[in-house]
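Read the structure below first, then the notes.
Number of protein chains: 2
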Amino acid sequence: MQRVYNFAAGPAALPLPVLEKVKEELLSYGQAGCSVMEMSHRSKSFQEIADRAETALRRLMGIGDDYAVLFLQGGASLQFSMLAMNLAARGDRADYALSGNFAEKAYEEGLRWCEANIAASTKEDSYKGVPELSAASLSEGSKYLHLTANNTIYGTMYPEIPKGLPAPLVCDMSSIILGREYDIKDFALIYAGAQKNLGPAGLTIVIIRRDMIRDDLEDSIPTMLRYRTFEKSGSMYNTPPCFSIYVAGLVFEWVESEGGVKEMERRNREKAALLYETIDASSLFAGTAASASRSIMNVCFTLPGEELTSEFLKFAGERGLCSIKGHRAVGGCRASIYNAMPLEGVKALADCMKEFETKKA
Amino acid sequence: MQRVYNFAAGPAALPLPVLEKVKEELLSYGQAGCSVMEMSHRSKSFQEIADRAETALRRLMGIGDDYAVLFLQGGASLQFSMLAMNLAARGDRADYALSGNFAEKAYEEGLRWCEANIAASTKEDSYKGVPELSAASLSEGSKYLHLTANNTIYGTMYPEIPKGLPAPLVCDMSSIILGREYDIKDFALIYAGAQKNLGPAGLTIVIIRRDMIRDDLEDSIPTMLRYRTFEKSGSMYNTPPCFSIYVAGLVFEWVESEGGVKEMERRNREKAALLYETIDASSLFAGTAASASRSIMNVCFTLPGEELTSEFLKFAGERGLCSIKGHRAVGGCRASIYNAMPLEGVKALADCMKEFETKKA
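Okay, here's the thing in structure tokens:
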């Protein structure tokens, strides 16, 4: 079976050289005589794998020692609660910028724990863009401002991360981490599910400024939901998701070998521009995101009517362009073009869209 | 690099045919044109993988529809909290049988949430055996009795699961699930980290009798820590650990093809007997577990002194018998002989022990 161009939103395409390496090492890693999947997480071999992954991520994102890098489980969805429980005491205020489904979920989990406030929202506008944020919209004494850097479902992103706001910034970067350059110093906490731009599902990365890790947490908070637990143990309080860490480490090294995050961003902007140009020039396809908020990772577009949409998805599928169906919450089409999607795949999609439009004209 | 006999306690050896299948399908699964790691968890292909895994596990363990099978993350360590939060309200009583490190940790996390009571313990006896349990030792109105079926660190197991006790039984089966036959009807909840007998780390299996799933939980409990969340969504509230589910599914099918859990138990008893006989006949090696509580999954033994222990570990390592070092909490040696460890490996270890003893005589 030939490999397709996989535009899935997550789990998503991985770089082929990474998969080939994983395949090569599957029965026996290095001199270990066993698969990474079979290796004790307390072994020297695995410790080296984890250390290499962390070091590579630190280099790629310019993360200094004033930040801890944690390898966790549970996805961004568990972080929605964990971050609130770790950064706010009950009754504390925290602010949320609502820019999509996952931002809403983060807010809802925040509400379970603290006085979560909606500082800004584009919900009324069906999340077509990202909200404007200002110091005036934040709560007094806010423990953090939570935002979602890129909105996978709506295909939007913050063109720039807001700066100079009085609350520490907590950012869900699941769908854009390593996809464009950010200044780590702008954030108190960054988290990301691995399954979009970093590796297989089952690994969650948390990057937290060490001075944000509190120890005065309510007793009832589980050991496994405390950042300190993982910071103290090098993410090995219990068995970590070893294989996902290993694959993510290979992805980090692949990103470095390709020129780092700067080069990834250049490519992602080029890929996105090609699709947006195709959409803007079309009278059949229409973009759904507001121009100023267009994502460089998830390009969302529609065709008139469900029948035509299905027909296009089938047409694309026959050309090996797969998983372009939009999220079930919004319908339409979505091309996720994370780091592992080559320009050739995006060109093939743009050509396919043009061909389909010509056929329908 | 040749594969070794890997006696690691978890992550642990996987069946070679499973690894070979994973390798074969690594770049493209079936007709999907992508790796399982790259596949949307909402895709038909992945849903089939998850369904197959669940169905196979149900067949293997005789799990009826009155139980839900959940695929979670976070390991047994997160279950320590999750089970308490889901089965007990604050102030409710719950009982714990302490038979080792992990049982203690489960109890400690229980204490954060409810009135956790130690119903029985062998701690005073350095966990050399498992405790006796009786109705009289349970708290009045106890919401559950928690026990650890097999104690990885101490090499002990309950020879029989206690029956007829007034509290619903909650069981950590991490290191013995599918290793011997149990009657599912004896349990209200079974949980297991996958990385010992089921598959790669990062997947946690929960089997819960549906009538135990409560909805009247305290508001502050995170959505991601509610069993209902996963029961309602078929374990896909958010992205599950897809690749680990896939590999576990292959392991389940391998167990079936080898004759099911009954045959696994027969083999495990045979392997364990061979090692215990070697130990009992030796004047150099000594078993640490009380005879009546000896585990058929983790065989713990010591040599006189650390120097001799190191020498033996090196001697075994040179013969391709690896990861026999005991847990850092107790020292000595431990041979974990889960389902994937063939009799040949255990024979090689027994021979190696005899050879070492002769050499030292």
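Protein sequences, first through last, are from chains A and B.
107 is the number that our numbering gives to position 107 of the first sequence; each next residue is one higher, with no gaps.
Heads up: take any position in the second sequence, counting from 1, add 1000, and you land on our numbering.
We treat Cβ as the ideally placed atom computed from N, Cα and C, and that holds for glycine.
Close beta carbons around Leu1250(B), own chain, < 6 Å, minus the five adjacent residues each side: The answer, listed in chain order, is Val1018, Lys1021.
With distances taken from CA atoms, which of Glu258(A), Pro15(A), Arg3(A), Glu357(A) is nearest Val247(A)? Pro15(A)
Which value, in whole angstroms, describes the spacing of the CA atoms of Arg209(A) and Ile63(A)? 10 Å
Whole-number beta carbon distance between Tyr1096(B) and Ala1119(B), since they are thought to touch under 8 Å: 6 Å
Cα separation between Ser1142(B) and Phe1187(B)? 15 Å
Contacts of Asp1047(B) in chain A (Cβ-Cβ under 8 Å): For clarity, residue 1047(B) is Gln in the given sequence; the question names Asp instead. Neighbours of Gln1047(B) on chain A: none; closest Cβ ~13 Å, over 8 Å.
CA-to-CA distance, Pro1011(B) to Thr1229(B), given in whole angstroms: 27 Å
Whole angstroms is fine: what's the gap from Leu133(A)'s alpha carbon to Val170(A)'s? 14 Å
Less than 8 Å between the beta carbons of Leu321(A) and Tyr5(A), yes or no? yes
Which word fits Glu1109(B), buried or exposed, when buried means at least 16 other C-beta atoms lie within 10 angstroms of its C-beta? buried
Helix, strand or coil: which one does DSSP assign to Gly1179(B)? coil
Using 10 angstroms around the beta-carbon of Pro1166(B), count the other beta-carbons present and answer buried if the total reaches 16, otherwise exposed. exposed
Please classify Ala1361(B): is it buried, with 16 or more other beta-carbons within 10 angstroms of its beta-carbon, or exposed? exposed
With DSSP as the reference, label Ala1363(B) as helix, strand or coil. The requested residue 1363(B) does not occur in the structure, where chain B is confined to residues 1001 to 1361.
Relative to the C-alpha of Arg334(A), which candidate in Ala340(A), Lys325(A), Met341(A) has its C-alpha closest? Lys325(A)
Which of helix, strand or coil DSSP assigns to Cys242(A): helix
Along chain A, in chain order, which residues have C-beta atoms closer than 7 Å to that of Thr1278(B)? Near Thr1278(B) there are no residues of chain A at all, since even the closest Cβ is about 23 Å away, more than 7 Å.
Just to confirm, are Ala149(A) and Met173(A) a CB contact at a threshold of 8 Å? yes
Name, please, each residue of chain B whose Cβ falls closer than 7 Å to the Cβ of Met173(A). The contacting residues do not exist; Met173(A) stays about 15 Å from chain B at best.
Proximity test, Cβ basis, 8 Å: His1041(B) and chain A: yes
Just checking: is the beta-carbon of Leu1014(B) within a distance shorter than 8 Å of some beta-carbon in chain A? yes
Cα separation between Ala8(A) and Ile221(A)? 35 Å
Bridge-paired residues (DSSP) for Asp95(A): Asn117(A), Leu145(A)
Leu1060(B) vs Glu1256(B) beta-carbon contact at 8 Å: Taking the C-beta atoms as reference points, Glu1256(B) is found nearer than 8 Å to Leu1060(B).
Rounded separation between Ile1176(B) and Gln1195(B) - CA only: 11 Å
Drop a sphere of 10 angstroms on the beta-carbon of Arg269(A), count the other beta-carbons inside from all chains shown, and report buried for 16 or more, exposed for fewer. exposed
Partner residues on chain A for Tyr1237(B), Cβ-Cβ distance less than 8 Å: Ser77
Under 9 Å between beta-carbons, which chain A residues line up against Val1004(B)? List them in chain order, please. Ser28, Ala32, Gly33, Cys34
Going by DSSP, what residue range makes up the alpha helix (DSSP H) through Asp1280(B)? 1260-1280
For the beta strand (DSSP E) containing Ser336(A), name the first residue and the last one. 333-336
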